[in-house]
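Read in order, the letters of the sequence shown correspond to residues 941 to 1197 in my numbering.
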Amino acid sequence: TMSPENNAVLSKPYYSFNYASAILHQFSIYYCKAKSFIYDVIILRMTEKWYRAVLERVDDGSIVLDVGVGTGGALLRCRDLVTSKNLKVIGIDIDAAYVEAGKLSIQDAGLADRISIDLVDFYQGSEAVLDLAKQMGVTPDAKGGFVDAVYFSGSFSLLPDPVNALKLASTMVKEKGDGNKKGAIYITQTYQRKTPFFLPYVKPLLKYATTIDFGQLIREEDVLKTFGESELEVVQHQVIPGSVDTRFQAAYLSILR
941 TMSPENNAVL
951 SKPYYSFNYA
961 SAILHQFSIY
971 YCKAKSFIYD
981 VIILRMTEKW
991 YRAVLERVDD
1001 GSIVLDVGVG
1011 TGGALLRCRD
1021 LVTSKNLKVI
1031 GIDIDAAYVE
1041 AGKLSIQDAG
1051 LADRISIDLV
1061 DFYQGSEAVL
1071 DLAKQMGVTP
1081 DAKGGFVDAV
1091 YFSGSFSLLP
1101 DPVNALKLAS
1111 TMVKEKGDGN
1121 KKGAIYITQT
1131 YQRKTPFFLP
1141 YVKPLLKYAT
1151 TIDFGQLIRE
1161 EDVLKTFGES
1171 ELEVVQHQVI
1181 PGSVDTRFQA
1191 AYLSILR
């Protein structure tokens, strides 16, 4: 039998545990905010140009699936196009910190009726993406397509199986009555023209310095091979005006159907 003193001790709140838990929770909040801030500072200037290049090309009233939307910062910088063209964007990402920051930014911008950002794995989330599209008022077509465009903004180099990703994306795009694809798959990404010997080793390490995963280096000839293996038609593959264009690398807009 325990003494009254021991019972009293056990009945007291375990303050040290609660305090440690609170510190960890607060640290997690600060880390997520810092990570999202670094992402926006480093990425947005370049990717805003990429988003504009794509959003200017999609038809008015389109539903766009944005794979790897990040914090949504570049998309929100293009709010003029989103609103003037009456677009709706379904953003997905696998980074919880970016998604949380994106949700707050969308609410602050008053665009929750036009843009959503959710934590979804593209390879495993077809049903989840469809549910998000339905929440936007989308009705799938006879073939199961439910978006007018799928967009990979700088996320293509992060995909573990890019060929399968393109094939999966093509099943999500709506079709016309004659069976031709109504929409398209858009990719904006930098590709290597020449690669300094040290760069393949340095680029993956940048994640530890910046918290941003820049993916692997991709040579232009390799991505064109990937496009061919997907069996999709390459409608366009050209350098994005005003973006990266050097003898070592260039940023391209690719459109596939």
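Glycine included, C-beta positions come from ideal geometry on N, C-alpha and C.
Query                                                                                                                                                : Result
Run through DSSP, which three-state label would V1103 get?                                                                                           : helix
Confirm, please, whether the CB-CB distance from T1128 to G1084 is below 8 Å.                                                                        : no
So F1086 and L1070 are in contact, right, with Cβ under 8 Å, and what is the actual spacing, rounded?                                                : 6 Å
Using the beta-carbon count (16 or more within 10 Å), is D1035 buried or exposed?                                                                    : buried
Answer with buried or exposed for T987, where buried requires no fewer than 16 other C-beta atoms within 10 angstroms of its C-beta.                 : buried
State buried or exposed for V1022, treating a residue as buried only when at least 16 other CB atoms are found within 10 Å of its CB.                : buried
Rank G1010, L1072 and A1082 by C-alpha distance to the C-alpha of A1037 and give the top, closest one.                                               : G1010
Report buried or exposed for P1277, applying the criterion of at least 16 other Cβ atoms within 10 angstroms of its Cβ.                              : There is no way to answer for residue 1277, as the model of the chain reaches only from 941 to 1197.
Using 8 Å as the Cβ pair cut-off and three pairs as the minimum, do the stretch 1059 to 1070 and the stretch 1041 to 1050 touch?                     : no
Hey, does L1016 have any beta-carbon neighbour from chain B nearer than 8 Å?                                                                         : Of the protein chains in this structure there is only one, and it is not chain B.
Quick one: residues in its chain with C-beta nearer than 6 Å to the C-beta of Q1039, no 5 flanking neighbours on either side, listed in chain order? : Going by the sequence as given, residue 1039 is Val instead of Gln. D1033, I1057 and L1059.
Given a threshold of 16 other Cβ atoms within 10 Å of its Cβ, counted over all protein chains shown, does S1024 qualify as buried or as exposed?     : exposed
Since L1027 and R1054 are thought to touch, with beta carbons under 8 Å apart, how far apart are those beta carbons, to the nearest angstrom?        : 7 Å
Can you tell me which of L1099, V1163 and K1114 puts its alpha carbon nearest to the alpha carbon of R1197?                                          : K1114
For a test of the three-state rule: what should DSSP assign to T1130, helix, strand or coil?                                                         : strand
How many whole angstroms separate the CB atoms of S1002 and A1124, which I take to be in contact at a CB cut-off of 8 Å?                             : The Cβ separation is near 10 Å, so there is no contact.
Determine the direct distance from the alpha carbon of L1044 to that of E995, and round the result to whole angstroms.                               : The sequence shown places Leu at residue 995, not Glu. Answer to the nearest angstrom: the Cα atoms are 22 Å apart.
Which of the three DSSP states, helix, strand or coil, is assigned to A1089?                                                                         : strand
By the DSSP assignment, the alpha helix (DSSP H) with K1165 in it spans what residues?                                                               : E1160 to S1170
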